[in-house]
Structure formats: C-alpha cells, structure tokens
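Trainee: The structure follows.
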C-alpha cells in the first residue's frame, strides 16, 4: 500500500469503466444499454467541480474479440459524456485496451499487452499526457487488476465493491479533497 499520509495535492482520479461508472452487462457498447452505477454521475460531477482530472482506463477486449468496433465504443463514451454534462461532469480522457490473447482480430491478439490491466500502460500514458506525478493521482476500480495497475504505476488504488460511487468517493478521497466530502 502506498502511504498517503504525506500525500501531494490530488489532481486526478483514474476510474475503471464497467462496474465503477456503468453497470457491467458484459461487453457493453450500445448507448441504449448504458445504465449508471448509483452515484456515478454525481461522483464524476463532484470531481470535475473540484478541479480534478477524471481519466477512464478500461480493458475493452470486446473489440479484439470482434463483438463491437472502436466506433461503437466511441459512441458509448459520447453518450456517457452527454449524460455527465447534464450534471456538470466530464471525463477528460478515455484510455482503452482492445488487446487479449485470444482476440479474433489479429491486430489485437497479444498476450500480456502492456496496456491490458493489471499492466499499467494506460495509467502511465494518462500520467504522461496530463503531466501528472503518480502521487498526484489515485485509481478506483471494481477489480483487483484495476488497483494493481495503479499500484504498478506508483499510485494508491481503491477497490469499489458496489453501492453508491459518490458516497465511496467522499469516503476514500474526502480527506485529500474536502470538496468531495
């Protein structure tokens, strides 16, 4: 675990997508099937209003498996942005990994790709592109691989086990960002 008692000011929160922001129905890509986790839109809006960067890192092997393409994923993300904007929330960037060792799309058939969580490739790219130090960010995910990806990038991670995401964010980040309490 990373010591946050002497933590730098928090500047960014990395979030897993399926199971943290939206209900994971399995390979979700159709905007009509977008169902938010309780409190997720409010959590993103609160983080946005607090001045934090909100960065999504999501394994999307459904692309590599041929279930949907990147354009369909982009439409899903656009729908998320539109619905977040209604509450003043915004995701600053989506990072995704279409790679999987059994992908039917040849270009995405890669075993242990650096971007596929628990590997930290997407997180490291987000840190670099937003000029962030690991101690200025955290990751929230619903699976241990999400937390591990953040830890491998040098940042603390929090395991969201369900419930209301807004309440969870207040609990785990409120001491570092009082506006989130």
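Residue numbers (our numbering): 81 to 261.
The C-beta atom is built at its ideal place from N, Cα and C for all residues, glycine as well.
Using beta-carbon positions only, say whether residue 212 and residue 129 come within less than 8 Å of one another.
Mentor: No. Outside cutoff.
Trainee: Take residue 156 and list the residues in its own chain whose beta-carbon comes closer than 8 Å to its own, dropping the five residues that flank it on each side.
Mentor: Correct list, in chain order: 108, 109, 110, 111, 114.
Trainee: Going by CA-CA distance only, name the one from 260, 256, 95, 88 that's closest to residue 174.
Mentor: With distances taken between Cα atoms, residue 174 lies closest to 95.
Trainee: Does the Cβ of residue 150 have 16 or more other Cβ atoms within 10 Å, making it buried, or fewer, making it exposed?
Mentor: Flag for residue 150 reads exposed.
Trainee: Is residue 127 a contact residue of the ligand NAP, with contact defined as CB to any heavy atom under 7 Å?
Mentor: The model on display carries no ligand, and the ligand NAP is accordingly not part of it.
Trainee: Specify, as a first and last residue, the run of the alpha helix (DSSP H) that residue 231 falls within.
Mentor: Counting along the chain, the alpha helix (DSSP H) containing residue 231 begins and ends at 224–232.
Trainee: Do residue 197 and residue 233 have their CB atoms nearer than 8 Å?
Mentor: No, Cβ-Cβ distance for residue 197 and residue 233 is not below 8 Å.
Trainee: Reducing DSSP to helix, strand and coil, say where residue 157 ends up.
Mentor: If DSSP states are grouped into helix, strand and coil, residue 157 belongs with the helices.
Trainee: Do you know how far the Cα of residue 147 is from the Cα of residue 123?
Mentor: Their Cα atoms are separated by approximately 30 Å.
Trainee: Report the rounded CA-to-CA distance for residue 181 versus residue 244, giving the unit in angstroms.
Mentor: When rounded, the distance between both Cα atoms is 34 Å.
Trainee: Whole angstroms are fine: how far does the CA of residue 257 sit from the CA of residue 154?
Mentor: Roughly 30 Å between the two C-alpha positions.
Trainee: How should residue 98 be labelled, buried or exposed, when 16 other C-beta atoms within 10 angstroms of its C-beta is the threshold for buried?
Mentor: Burial call: buried.
Trainee: Please state whether DSSP places residue 183 in a helix, a strand or coil.
Mentor: If DSSP states are grouped into helix, strand and coil, residue 183 belongs with coil.
Trainee: Grab me the residues of residue 190's own chain with a C-beta within less than 6 Å of its C-beta, minus the 5 sequence neighbours each way, in chain order.
Mentor: The residues are 179.
Trainee: In this structure, what does DSSP give as the bridge partners for residue 220?
Mentor: Answer is 95, 238.
Trainee: Taking residue 125 and residue 168 to be in contact with their CB atoms under 8 Å, please state how far apart those CB atoms are, rounded to whole angstroms.
Mentor: Yes, residue 125 and residue 168 are in contact; Cβ-Cβ is about 5 Å, under 8 Å.
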